[in-house]
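Data block below; observations after.
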Amino acid sequence: MNGRRTPVPRRTALRATAGTLLAGAATAGCARDDTTTHAPQTGHEPQQSRGAAPPAPAPHRFPGRPVQIEHGPRDRNRVALTFHGHGDPVLARTVLAEAERAGARLTVLAVGSWLDEHPEMARRILDGGHDLGNHTQRHLDINAMDEAQAYAEITGCAQRLRRLTGSIGTWFRPSRARYATPLVQDLARRAGYAHVLAYDVDSLDFTSPGVAAVTRKVAGELRNGSVVSLHFGYRDTVAALPLLLTEIDRRQLRAVTTTELLT
Numbered sequence: 029m030n031g032r033r034t035p036v037p038r039r040t041a042l043r044a045t046a047g048t049l050l051a052g053a054a055t056a057g058c059a060r061d062d063t064t065t066h067a068p069q070t071g072h073e074p075q076q077s078r079g080a081a082p083p084a085p086a087p088h089r090f091p092g093r094p095v096q097i098e099h100g101p102r103d104r105n106r107v108a109l110t111f112h113g114h115g116d117p118v119l120a121r122t123v124l125a126e127a128e129r130a131g132a133r134l135t136v137l138a139v140g141s142w143l144d145e146h147p148e149m150a151r152r153i154l155d156g157g158h159d160l161g162n163h164t165q166r167h168l169d170i171n172a173m174d175e176a177q178a179y180a181e182i183t184g185c186a187q188r189l190r191r192l193t194g195s196i197g198t199w200f201r202p203s204r205a206r207y208a209t210p211l212v213q214d215l216a217r218r219a220g221y222a223h224v225l226a227y228d229v230d231s232l233d234f235t236s237p238g239v240a241a242v243t244r245k246v247a248g249e250l251r252n253g254s255v256v257s258l259h260f261g262y263r264d265t266v267a268a269l270p271l272l273l274t275e276i277d278r279r280q281l282r283a284v285t286t287t288e289l290l291t
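Numbering-wise (our numbering), the sequence shown opens with residue 29 and increments by one.
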């Protein structure tokens, strides 16, 4: 889907999405330990073929912005919905399709082990016009790691992104934390990321509190420039997204990629 489809009334889309999500799926997210699957390192990992899509955008540097970015400008009617990329790809595709139907663009911070299992999702995200970034290789508590371990987590995911898209991704977000420690910030810059992407609105969707709670939490804190933390892999999130997009539209806000939010 490319976001140019005939518009579907938001209420109709909400009902259709709610019906889809009840099909059931396995879930995984920031509050839980994730089983790690490592791709074999053979030295012959797939590269982008000749004539394939051009490399994805590289990390951006925003002069005047801190290394760790929590939100965008408060004087513009834009917000960024950011998704931690892990969990059932069926739910991920549903989220992407719903956003594209509404003309919204997302930022996806992908876990490297998830890309190992579902490499096609990298191109699916980019083809939808969304930002794609790095959420570490194994989704462990990166702030609690020593320097070597933390750097390996960042570069491990970056290598997978580069193999799949030709770029290390536009953003880095620490795993299991809203903010990166000074050490992790320095390691992210060493790996090629000019900024670390934090957020100012936490949906708490990974706690599975119910659709109403997710919607109420985000709507209650959303404002110009907000960066919202959400997750693939949770049915509450899939069901809440049409409601959130309706609320964003009602407030005359635009859901854009984080790159666009800061540009």
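All residues carry an ideal CB built from backbone N, CA and C; glycine is no exception.
For residue i, the residue or residues it bridges with in DSSP
| i | result |
| --- | --- |
| residue 258 | 111 |
| residue 161 | 137 |
| residue 229 | 256 |
| residue 95 | In the DSSP output, where bridge partners are listed per residue, residue 95 has none listed. |
| residue 200 | 162, 224 |
| residue 278 | Residue 278 pairs with nothing; no bridge assigned. |
Delimiting residues of the alpha helix (DSSP H) encompassing residue i
| i | result |
| --- | --- |
| residue 182 | 175-193 |
| residue 122 | 117-129 |
| residue 242 | 239-249 |
| residue 219 | 210-219 |
| residue 82 | Counting along the chain, residue 82 falls outside any alpha helix (DSSP H), and DSSP gives it neither H nor E. |
| residue 153 | 148-155 |
| residue 286 | 286-290 |
Among the options, the one whose alpha carbon lies nearest that of residue i
| i | options | result |
| --- | --- | --- |
| residue 250 | 279, 91, 141 | 279 |
| residue 273 | 179, 191, 244 | 244 |
| residue 189 | 225, 175, 165 | 165 |
| residue 223 | 230, 200, 284 | 200 |
| residue 277 | 129, 291, 266 | 129 |
| residue 131 | 226, 284, 290 | 284 |
| residue 156 | 175, 143, 287, 133 | 133 |
| residue 232 | 220, 265, 217 | 265 |
Presumed contact (8 Å Cβ cut-off) between residue i and residue j, rounded CB distance
| i | j | result |
| --- | --- | --- |
| residue 203 | residue 169 | 7 Å |
| residue 107 | residue 254 | 5 Å |
| residue 137 | residue 167 | Not a contact, Cβ separation roughly 10 Å. |
| residue 85 | residue 198 | 5 Å |
| residue 171 | residue 212 | 6 Å |
| residue 115 | residue 135 | Between residue 135 and residue 115 the Cβ distance is about 16 Å, and since that is not below 8 Å, they are no contact. |
| residue 225 | residue 286 | 6 Å |
Below-7 Å beta-carbon distance, residue i vs any chain E residue
| i | result |
| --- | --- |
| residue 155 | Absent from the structure is chain E; it holds one protein chain and no more. |
**Report entry** Three or more C-beta pairs below 8 Å linking the region 202-210 and the region 146-157
**Finding:** no
Query raised in the report: Between the region 92-103 and the region 121-141, do three or more beta carbon pairs fall short of 8 Å?
Result: no
**Report entry** Touch test, the region 179-188 against the region 114-121, Cβ-Cβ under 8 Å, three pairs minimum
**Finding:** no
Report task. Indicate whether the contact test is met: 3 or more Cβ pairs, each with one atom in the region 84-92 and one in the region 228-247, closer than 8 Å. Result -> no
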